[in-house]
Amino acid sequence: MRTHRKRRLSMVLGLVVGVGVAVTLILMALSENINHFYDPTQVVGGEAPQNHTFRIGGMVVDGSVQRDEGSLKVRFDLTDYKEQVTVSYEGILPDLFREGQGIVAIGKLSDNVFVAEEVLAKHDENYMPAEVKQSLKQVADYKEGQPGAAE
Amino acid sequence: MIPEIGHFALILALGMAFIQTVFPLAGAQFGYQGWIHVAKPAARLQAFFLTLSFAALVWAFLADDFSVRYVASNSNTKLPTLYKVSAVWGAHEGSLLLWALILAIWGMMVSFFSRSIPQVMTARVLGILGIVSIGFLLFMLLTSNPFDRIPAPLEGRDLNPLLQDFGLAVHPPMLYMGYVGLAVPFAFAIAAMLGGHLDAAWARWSRPWTNAAWMFLTLGIALGSWWAYYELGWGGWWFWDPVENASFMPWLVATALMHSLAVTEKRGAFKAWTVLLAIFAFSLSLLGTFLVRSGVLTSVHAFASDPERGVFILGFLAFVIGSSLTLFAIRGNQIRSFVHFSLLSRESGLLLNNILLVVITLVVLMGTIYPILHNAMGWGNLSVGKPYFDFFFAVLSVPLLLALGVAALLRWKKDDAAALVKKLVPALIVSLLAGVLVMLWFGFSLGAILGVGLAVWVIWLSGVAVRDQLRGKRRLSSIPRGFWGMILGHLGVAVFTIGVTLTSIYSVEKDVGLGAGESYELSGYTFTFNEIREIEGPNYSGTRGIVTASDGDYSVMLYPEKRTYFSSSMPMTEAGIDAGLTRDLFVALGEPLGNGKWAVRLYHKPFIRWIWLGTIIMGIGGIVAVTDKRYLRMARRKKATAASVSSRGATA
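In order, the protein sequence lines correspond to chains A and B. The opening residue of the first sequence carries number 22 in my numbering; numbering runs sequentially from there. The opening residue of the second sequence carries number 92 in my numbering; numbering runs sequentially from there.
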């Protein structure tokens, strides 16, 4: 009986240690691959990291989209109706990318320009990225449903 | 009128689900034969009422009855008929109705194919399925009734254009068959615990159902991936998007469950573990439903979402997990496995398979849940990058595939090391050779050598397993179907691995600006942008690019499109794809760049079809395993035995 208990105890201990090690490793890898979200105010305020990938979200400022004639380079401004950040991107923008639409971009900050690797716009015309909506709600002059609900 | 009949049928189905739960469970507990016999007719009637309800909703869509709010917001008179039908499950309410209907159909199937199973067991299984039905039907009637009426508008809002596609018409039913099908092994596990008979028998009864659900889940996920590939215009086949993860986690655990059930049935080992896996597989299905339907996700797929609804599903999830784990805690100490097996045995191999699959599930679960928890705690928004998932999946796949090849060869209980090594050495040599061949063909990459080498390892060793089985047998047909199912499943995994490896490593992608007549060379193919044309579809208008791709001997026309649906201002990309067994050519139209130029995305994707080919082979393996004669014979076995066992079971 005692050896049986001992065996059971060592099995349980082994299991706990194994799971602990696995979870720690996973968490470590997780923390290296996390992309935090910042709104333009936070980026201008210097809260966003330099040389580390993060996500930025906001509304594309009307009339700010500039395209290099004949090439895929594009620049536009993102706003949370308080501050603006210029985003540069090279490639095809998503179908739902439009001026006045909420988008999220993933990339790095370089000389106060956000160099995007990926630009995301949601596949729903009424949709505002949840994060953008949340950040806009904190800005007083934003009225719910006004800019996002183009339809 | 007809929508009201649908609504009424839904309420009757709920009533029937109550009857299906209360009488059989109480009858089984206290040994009332009459109550036990209520289970089967109740399950069939519930399925009947839900079919009626579902048919009423289909009718409302086909008849353009816009006085039903759900129809008005998801259909349109101009919508093609096929999509009017698939629009039934295109949004929240209807997809829940489909969920409930499929659950009832699984219950009905159990009621028909359970003649060899003791009545009392079947009664419990159907009772548990009834509880799940009650949860979902209540949820629908209280928060998401698809039959709600509104003052009828003249025209509906149309189905989300992304969903107007054949792949997505069949993806949800397939996926739900898998998701919901996992309720059956769950119900068997709970019923076995309630009855106190956690022996090999319940594992045997549960196996064909698990295989069937797994098969549907496999094909459902594959359909979703295929759809994302050609419809979203991104050329990717898997994004580690939370909604994808939500379907992948139950798949991983269901895969572990299939293997663990084999050990429990054949050797009586891993009993407690198998029960836990059955509970978790279904819980993860529910979690998936919660994640997709509650709106907690930042996801490209969060089509219909509402936080209040999430609270209900989360509560139901907590109830299911909480009560089944409590039952497990009470009954768990009665589960004893006195089975010994040596380190080198099939049991060990399957144990390793289970551990690895569960660890992968844990990795995916943490990556999916962590951002949600982080946000819920008010610590801000974040997302977990693709590299996290890719890294772990790749690292954990290596031992998984290594073990997969070997375990299929091993004998139960104990195997001979020397004989095994003799079989493994040639396999190793062939795998290395295959890796070198890939390197010569595509260029050096350690990942490709490893991936293809492992796939060949699995294929070769599966061949050895077949040879071992044939030894001493006269006829091919004397090998059980279950074995062929396993071999096909494993070959599917190998084919899938080759596809994933080669596509991930050797795909070439380029976004270019092209004017009429200009061309661009990519991976030996010259893509020529001929012209742009305006097109008119039934409920959209758009532009179509005409692109020629040619490598000298072979030439093909590709027609990427950009569509704007009348009912919304939402533009949609339709890619032009030339599919091939060894490569896909993929062209997507971006936006006009001025000067008559267009942004065009070009891809060369080697072996991408093998990804879906592999999953189809896995699915066929699942079907073959379900049709194993053992199960059919079991089903035919006469009621005489069933009756005698049932009286014994009732007293326990």
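Glycine residues also receive a C-beta, built at the ideal position from the N, C-alpha and C atoms.
Not one beta carbon of chain A lies nearer than 8 Å to the beta carbon of B/LEU443. At least 8 Å separates the CB of A/ILE77 from every CB of chain B. Closest option to A/ILE77, judged by alpha-carbon separation, among A/GLU90, A/ASN56, A/ALA43: A/ASN56. One alpha carbon belongs to B/ASN251, the other to B/ALA409, and they sit about 32 Å apart. For A/PHE58, the C-beta contacts it makes with chain B under 8 Å involve GLY471, ASN472, LEU473, SER474, in order along the chain.
In the DSSP assignment, B/PRO697 falls within the unbroken beta strand (DSSP E) covering 688 to 697. Interface flag for B/ASP719 against chain A is unset, since no Cβ pair is found closer than 8 Å. Taking each of B/VAL411, B/TRP364, B/GLY359 in turn and checking the Cα distance to B/PHE381, the smallest one comes out for B/VAL411. 8 Å or more divides the Cβ of B/PRO115 from the Cβ of B/ARG206. Under the DSSP assignment, B/SER158 falls outside any alpha helix (DSSP H); it carries neither an H nor an E label. With fewer than 16 other Cβ atoms from the protein chains shown falling within 10 Å of its own Cβ, A/VAL40 counts as exposed.
Among the CB atoms of chain A, one or more fall inside 8 Å of the CB of B/ALA690.
For secondary structure counted as the beta strand (DSSP E) over 3 or more consecutive residues, the stretch 563 to 610 of chain B holds these complete runs in sequence order: 599 to 605. Excluding residues up to 5 positions away in sequence, LEU220, VAL223, SER224, PHE227, VAL271, ALA274 lie with their Cβ nearer than 8 Å to the Cβ of B/LEU194 in the same chain. Annotation for A/ALA137: VAL108, TYR110, ALA126, GLY128 place their beta carbon closer than 6 Å to its own, counting only its chain and skipping 5 residues before and after.
Per DSSP, the beta bridge partners of B/PRO662 are B/THR655.
Within chain B, the residues placing a beta-carbon under 8 Å from that of A/SER92 are GLY604, LEU684, ordered along the chain. In its chain, beyond the 5 residues on either side, ALA546, VAL549, ILE550 have a beta carbon closer than 6 Å to the beta carbon of B/ALA585. Counting the other Cβ atoms within 10 Å of the Cβ of B/PHE203 gives fewer than 16, which makes it exposed.
In chain order, LEU51 make up the part of chain A whose C-beta sits under 7 Å from the C-beta of B/GLY458. If you check each beta-carbon in the stretch 662 to 685 of chain B against every beta-carbon of chain A, the ones closer than 8 Å belong to PRO662, MET663, THR664, ALA679, GLY681, GLU682, LEU684, GLY685. In this structure, the CA atom of B/LEU136 is about 11 Å from the CA atom of B/VAL129. Under the three-state reduction of DSSP output, B/ASN165 falls in the helix class. Within the model, the alpha-carbon separation for B/GLY681 versus A/ASP116 is close to 8 Å. Judged by DSSP in its simplified three-state form, B/PHE535 adopts coil rather than helix or strand. At least one C-beta of chain B is nearer than 8 Å to the C-beta of A/ASP116. By the Cβ neighbour-count rule, B/ASP507 is exposed, with fewer than 16 other Cβ atoms within 10 Å of its own. Residue environment: B/LYS362 is assigned as buried (16 or more neighbouring CB atoms within 10 Å of its CB, all protein chains considered). Where A/LYS129 is concerned, the enclosing beta strand (DSSP E) starts and stops at 123 to 131. B/HIS128 is bridged by DSSP to nothing; it lacks a bridge partner. The way I'd put it, the stretch 439 to 455 of chain B does touch the stretch 480 to 491 of chain B; three or more beta-carbon pairs between them come closer than 8 Å.
By the neighbour-count criterion, in which a residue is buried when 16 or more other Cβ atoms sit within 10 angstroms of its Cβ, B/ASP239 is exposed. Taking a C-beta cut-off of 9 Å against chain B, the contacting residues of the stretch 94 to 112 of chain A are GLU111, GLY112, listed in chain order. One thing to note: B/MET284 has its Cβ within 8 Å of the Cβ of B/PHE419. For the pair B/ALA191 and B/ILE589, the Cα-to-Cα distance works out to about 37 Å. Beta-bridge analysis with DSSP links B/THR172 to no other residue.
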